[in-house]
Amino acid sequence: MSVVYFSSLSNKKLNSPLNKIKKLFKKLSPEKYFGKNKLVAVKTHFGEFGNTAFIRPIYLRPIIEVLKDLKAKPYLTDTNTLYVGMRTNSVDHLHNAFLNGFNYSTLQVPVIIADGLRGENSVEVSIDGELLDKVKLAADIVHADGMVCVSHFKGHEVSGFGGAIKNLSMGCASREGKLEMHSVTRPKVHKDKCTACGYCKVACAADAIEIKGFAVITDKCTGCARCIAVCPEGAIGINWDETAENTSLKMAEYAYGVHRALRGNILYVTIATNISPACDCYPGNDKPVCEDIGFFASTDPVALDKACYDMVLKRVGGDPFKSIYDYIDPIVQLKHAEKLGLGSLDYELKEIK
Ligand code: SF4
Ligand code: SF4
């Protein structure tokens, strides 16, 4: 059984929520994980520009302060998106992060986009999973000495809800890894948008693109997803044709891959406020599906996600995620993660005042 620490946002004494986060994080004994001069990835989601549900940047400050007190060298990080938006390449992504308040003046740490300029900084990690033999992860996360995975708990249209496992899997995968989780076929060209400029053909290392009045992706395609990011017209899209269940299972396998790559040197903090129905990847957000709850921390991402999920169900008196995404049971992913050895569905909740 794993321990999940919890601190409620309810606060009659008007204690600072930042102190609560610091107290929670210290309960995980970070000194056993992150020592002097260790490069520690503080992995979070900067929120697509226009979205306002993402984690408030100052919630990261107490965690960073603890890491600095340990003389570790933390950096903020995330990976580029598969689809075209404000976080498709590192230049736009950094701009997006800074606009949303994840910047040096707020947090006094550098921001590094972990998978390179357009997601090509990718490393394969063997996992011997049920669906995948290996996963493709962002190099500047794999090469870190450890990680603090700071996740926003909310609904998610593929896995039902998104928490630590979503942040660890989709969030740490390189672009080709994200494509592998979401799709079983090669990308598609929108002929009406394609100007036949040939830029994607030059960028494709597999020589899989022919220009015949418009770009044609052939069966030489290896699914690296680079063409999606380089097309200046946004003419190459994704076939979102993997089932929600298989994507959820693959996410569990990717999360396990990150756990293996970092030799378990990961601590988890989840912020359960602004619990929006959908992912922070959208350039907007709906009203929350549950009242603000507070903060959770654990060394076990499976137990942590289960504890957050259980708490939402308790507060709402039902499952707000299943009523929106009735095609997926979020427990499927957690059970698969448990089976892989990522953590335990059994947990003890310890409240920290
Ligand atoms: S880069 Fe885009 S616009 Fe240019 S040929 Fe390829 S798909 Fe068409
Ligand atoms: S996904 Fe990669 S391999 Fe496939 S066509 Fe695009 S650039 Fe080439």
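Just so we're aligned: 310 in full-length UniProt numbering is position 310 of the sequence shown, and the numbers increase by one with no gaps anywhere. A virtual CB, placed ideally from N, CA and C, is assigned to each residue, including glycine.
Nearest-angstrom Cβ-Cβ length linking residue i and residue j, presumed shorter than 8 Å
| i | j | result |
| --- | --- | --- |
| Y59 | I112 | That pair is no contact at about 19 Å. |
| M181 | K250 | 4 Å |
| P277 | L342 | The Cβ separation is near 26 Å, so there is no contact. |
| L24 | A297 | 4 Å |
| G85 | D280 | That belief does not hold up - the Cβ atoms of G85 and D280 are roughly 12 Å apart, past 8 Å. |
| A229 | N19 | Contact doesn't hold; Cβ gap of about 41 Å is too wide. |
| F214 | C194 | 4 Å |
| E245 | I328 | 6 Å |
| G119 | S159 | G119 to S159, Cβ: 21 Å. No contact. |
| N100 | F54 | 7 Å |
| A114 | D140 | 4 Å |
Three-way DSSP call (helix, strand, coil) for residue i in this model
| i | result |
| --- | --- |
| V184 | coil |
| I63 | helix |
| I209 | strand |
| A225 | coil |
| K136 | strand |
| N19 | helix |
| I165 | helix |
| F54 | coil |
| A272 | strand |
| H152 | strand |
| A196 | coil |
| V332 | helix |
| I127 | coil |
| V84 | coil |
| A235 | coil |
| G177 | helix |
Beta-bridge pairing of residue i - partner residues as DSSP gives them
| i | result |
| --- | --- |
| P74 | V40 |
| M147 | A41 and I266 |
| I112 | T77 |
| K306 | In DSSP, K306 forms no bridge with anything. |
| K350 | Y5 |
| G318 | Note: G318 sits in no beta bridge, so no partner. |
| I217 | I209 |
| G294 | S8 and A272 |
| V189 | I236 |
| F49 | N51 |
| G160 | H156 |
Residue environment, residue i, which counts as buried when at least 16 other CB atoms sit within 10 Å
| i | result |
| --- | --- |
| K353 | exposed |
| R263 | exposed |
| V184 | exposed |
| N80 | buried |
| G257 | buried |
| K32 | exposed |
| S16 | exposed |
| M170 | buried |
| G177 | buried |
| M147 | buried |
| N37 | exposed |
Residue i Cβ short of 7 Å to ligand 3 heavy atom set
| i | result |
| --- | --- |
| C197 | Ligand 3 is not among the ligands present in this structure, which contains only ligand 1 and ligand 2. |
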